[in-house]
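Numbering (my numbering), first residue to last: 39 to 148. Glycine included, each C-beta is placed from N, C-alpha and C at the ideal position. This one's a predicted model, so the numbers in the text were calculated from it and none came from an experiment. Structure first, commentary second.
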Amino acid sequence: MNATAVVGQRVTLRCNPRVAKPVDWWYKDQRGGDEVEIVINGAVANGYTSRMSLVGDNVIIHNARLNDAGMYTCVEETGFGEKHKISLTVSGFSAFSVNVAFALPVGNRY
């Protein structure tokens, strides 16, 4: 499953909607293959509560950032811990500005 967002937009990541089992965990893959828990035992993990919320089994990212892009995994509460992956792409301009100065020649020396 894929999801897309623009910087600053709200995006909902939906665990497989066909399954009626509750979701206990959400993970986000990090560079190097590590996973970071963003939902633990049905609650948003510390460090994510200001920008993410959980509605049912869905994670809502408020004010998406470029670094929110990546692979997310939800794990259902089943005997097998069934996993579903969602790829999030975030595009657009970031919220910072860059000042660029150019040195221009004075006079006509050609």
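Ala43 and Ala102 have their alpha carbons spaced roughly 7 Å apart. Spanning the alpha carbons of Ala83 and Arg48 requires a straight line of approximately 19 Å. In this structure, the beta-carbon distance from Ala107 to Leu92 does not fall below 8 Å. With respect to the C-alpha of Tyr86, the residue from Gly94, Trp64, Asp72 and Asp95 having the closest C-alpha is Trp64. For His122, the enclosing beta strand (DSSP E) starts and ends at Lys121 to Ser129. Ranking Glu114, Glu115 and His100 by CA distance to the CA of Gly46 puts His100 first.
The Cβ atoms of Lys66 and Ile76 lie closer than 8 Å to each other. Here Asn96 is bridged, per DSSP, to Val93. Burial of Val128 is indicated by the presence of at least 16 other C-beta atoms within 10 angstroms of its C-beta. At the C-beta level, Val61 and Val113 come within 8 Å of one another.
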